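Numbering (the numbering used here), first residue to last: 381 to 699.
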């Protein structure tokens with residue numbers, strides 16, 4: 381039976397990570413398992429930057445955004461020798477297994493450690509919802525609500541000034557944020573890497589909107605597709621819509637996690653400890669059709685997440 385577990389957060393922060401840390405810590409303590417928080421992700425694991433948790437350590441963090449354990453990029457962890465040094469630091473305090481909260485890059489590290497004899501379980505913490513084989517990732521719901529709130533505010537101004545508003549959101553490899561936000565706010569167009577970008581079509585749709593009874597328009601587009609400020613100039617010149625571009629940026633990462641993210645993170649944290657307690661490693665926790673299940677990390681990393689286009693196709697009918 382595992383006697384000591386570590387937990388770290390890696391990659392970009394996501395609302396709900398603290399709820400997952402709390403769930404891991406309290407589940408361990410309830411089972412009589414020692415638990416350490418690892419600061420600064422894999423860098424802290426390598427440097428031995430550990431905090432021994434007790435029941436007081438995770439008080440009043442379930443509702444806080446970001447991560448109390450902090451996060452840092454550490455590409456050096458790809459080196460097997462660096463991983464060996466990290467394992468040695470873990471052994472110094474007795475950490476036998478690890479829960480890793482993060483995205484696919486974090487999963488790679490967890491898989492490599494498992495291959496080296498340290499059982500690791502991954503928990504999907506990323507606002508983009510871009511992890512395969514899970515319906516939702518921790519942080520997605522909160523980020524989506526942040527975008528919708530911003531769109532609601534922008535719509536008020538767009539309507540008042542008869543403008544077209546273009547909003548750039550995160551999710552360069554997965555359009556779930558853009559698609560769901562666009563549907564929730566009745567956007568005229570949603571543009572993602574999966575849907576594709578056709579500048580002529582964008583202008584045609586907005587020109588038709590201007591010529592109809594619409595006095596304003598909303599376009600939601602994912603990052604790294606085009607320069608939205610240049611696009612705004614072209615739209616204004618071609619359609620007659622006064623057009624403004626907005627980049628929401630890292631505001632999408634912050635804020636208090638939604639109730640759905642807190643519950644999801646809590647359930648995933650409990651299940652991760654149960655998997656380690658059962659002697660399993662190299663797995664990640666997934667949310668599939670309302671159930672919390674374990675998936676092989678190798679299978680999850682072996683393919684790209686498929687976006688559900690059916691909701692986008694339904695939304696087109698509501699224009």
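Cβ atoms here follow ideal geometry from the backbone N, Cα and C, with glycine treated the same way. Since we're looking at a predicted model, the values are computed, not measured.
- In the three-state scheme derived from DSSP, where H, G and I count as helix and E and B as strand, residue 602 is classed as strand.
- Taking 8 Å as the cut-off, the Cβ atoms of residue 525 and residue 661 do not count as close.
- Residue 451 and residue 591 have their C-alpha atoms some 49 Å from each other.
- Inclusion of residue 546 and residue 623 in the CB contact set at 8 Å is warranted, their separation being smaller than that value.
- Annotated three-state conformation of residue 388 is strand, per DSSP.
- When only Cα atoms are considered, residue 602 and residue 424 end up about 32 Å apart.
- Judged by DSSP in its simplified three-state form, residue 408 adopts helix.
- Apart from the 5 residues on each side of it in sequence, residue 427 sits with its Cβ closer than 8 Å to the Cβ of 420, 469 in its chain, given in chain order.
- The segment 486-500 and the segment 513-520 do not touch, with fewer than three beta-carbon pairs separated by less than 8 Å.
- Counting only residues of its own chain and dropping the five nearest sequence neighbours on each side, residue 391 has a CB closer than 6 Å to the CB of 482, 483, 485, 486.
- At a Cβ-Cβ threshold of 8 Å, residue 665 and residue 651 count as neighbours.
- Restricting attention to 634, 583, 505, the CA atom closest to the CA of residue 597 is found in 583.
- Counting along the chain, residue 487 sits inside the alpha helix (DSSP H) bounded by residues 484-495.
- Burial state of residue 561 is buried, judged by a 10 Å Cβ sphere holding 16 or more other Cβ atoms.
- Taking a cut-off of 8 Å for Cβ pairs, the segment 503-518 and the segment 461-478 do not touch, as fewer than three such pairs fall below it.
- The beta carbon of residue 579 is closer than 8 Å to those of 606, 611, 614 in its chain, skipping five residues each way along the sequence.
- By the criterion of a C-beta distance shorter than 8 Å, residue 683 is surrounded in its chain by 512, once the five residues flanking it on both sides are discounted.
- Annotated three-state conformation of residue 430 is strand, per DSSP.
- Take residue 552, set aside five residues on each side of it, and the residues of its chain with a beta-carbon closer than 7 Å to its own are 573, 602, 603, 604, in chain order.
- Residue 396 and residue 447 have their alpha carbons spaced roughly 8 Å apart.
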